[in-house]
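Below: one structure, written as structure tokens.
Residue numbers (the working numbering): 24 to 249.
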């Protein structure tokens, strides 16, 4: 496990989860006030992105693979993009503090100013969550592609905890996916160079594997040509 990446992932997901819960609370209040006769199209759709987001985060705790998370990020980003665009189309550049009048509801009325402020909050949070999912999508592709370049050829199907943050090596490959070759020869630290040196044995190939938690790589020697 690479601790830094998992901590960054937890912070990002927790922030998005809380923002989505806030949007769901506002849209659920709109559903209570307006459905089924007033503003029904937007009110019904506005319940979908936050609900799907909260459900998706629960599912990602069980299926935390890069290929799954990238797909989920793309779908959720599209939903929140539509949510932000629709909210902007409704409220646009309206100045809420200048609005007089009342907004009809199922149980009476509410001031247009209150309705406008709540729509502005939904619009702002929708665009924020869209940007977060776009960043998640880009960063996860970059980190997984980087892990593949480091030799983790099945990184897209492994657990995301094995991905390294920027500037770190990926986690150590699991033997269930990457069978470990037998170790031949030794390697030691070179105090003059501040690194490691390997004495290659005749007829052997040197194989370098990523280290644990972004640490130094593991060097082994395998008979023949790899």
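We treat Cβ as the ideally placed atom computed from N, Cα and C, and that holds for glycine. Here the structure is a predicted model, which means the values were calculated and not measured.
Taking one C-beta from the region 25 to 33 and one from the region 52 to 68 each time, how about it: are there three or more such pairs within less than 8 Å?
With the rule of 3 Cβ pairs closer than 8 Å, the region 25 to 33 does not count as touching the region 52 to 68.
Give me the Cα-Cα distance between residue 148 and residue 141, rounded to the nearest whole angstrom.
-> Residue 148 and residue 141: Cα-Cα distance of roughly 11 Å.
Classification of residue 185 by the beta-carbon crowding that lies within 10 angstroms, buried from 16 upward:
So residue 185 counts as buried.
N- and C-terminal bounds of the beta strand (DSSP E) containing residue 227 = Counting along the chain, the beta strand (DSSP E) containing residue 227 begins and ends at 227 to 232.
In terms of residue numbering, what span does the beta strand (DSSP E) encompassing residue 151 cover? Boundaries for residue 151: no beta strand (DSSP E) harbours it, while the alpha helix (DSSP H) harbouring it runs 135 to 172, taken from the DSSP string.
- request: State the Cα-Cα distance for the pair residue 81 and residue 99, rounded to the nearest angstrom.
  value: The straight-line gap from Cα to Cα measures roughly 14 Å.
* Asked: Between residue 150 and residue 35, what straight-line distance do the alpha-carbon atoms span, to the nearest angstrom?
  -> Rounded to the nearest angstrom, the gap between the Cα atoms of residue 150 and residue 35 is 15 Å.
Exercise. Identify whether residue 245 lies in helix, strand or coil by the three-state DSSP scheme.
Key: Assignment of residue 245 by DSSP, reduced to helix, strand and coil, places it in the strand class.
* **Rounded C-alpha distance that separates residue 38 from residue 68** => Looking at the backbone, the Cα of residue 38 and that of residue 68 are separated by about 22 Å.
- prompt: If you draw a straight line from the alpha carbon of residue 241 to that of residue 181, how long is it in whole angstroms?
  reply: Those two C-alpha atoms are separated by around 20 Å.
- Message: Tell me the residue span of the beta strand (DSSP E) that contains residue 128.
- Response: Counting along the chain, the beta strand (DSSP E) containing residue 128 begins and ends at 125 to 128.
>> Using only the alpha-carbon positions, how far apart do residue 177 and residue 159 sit?
In response: Answer to the nearest angstrom: the Cα atoms are 20 Å apart.
- What's the gap between the Cα of residue 45 and the Cα of residue 156? C-alpha separation (whole angstroms): 17 Å.
Worksheet entry | Nearest-angstrom Cα separation, counted from residue 229 out to residue 76 | Rounded to whole angstroms, residue 76 to residue 229 spans 46 Å at the Cα level.
Self-check item: For residue 88, the nearest candidate out of 189, 227, 73, 32 (CA to CA)
Solution: Among 189, 227, 73, 32, the Cα nearest to that of residue 88 is on 32.
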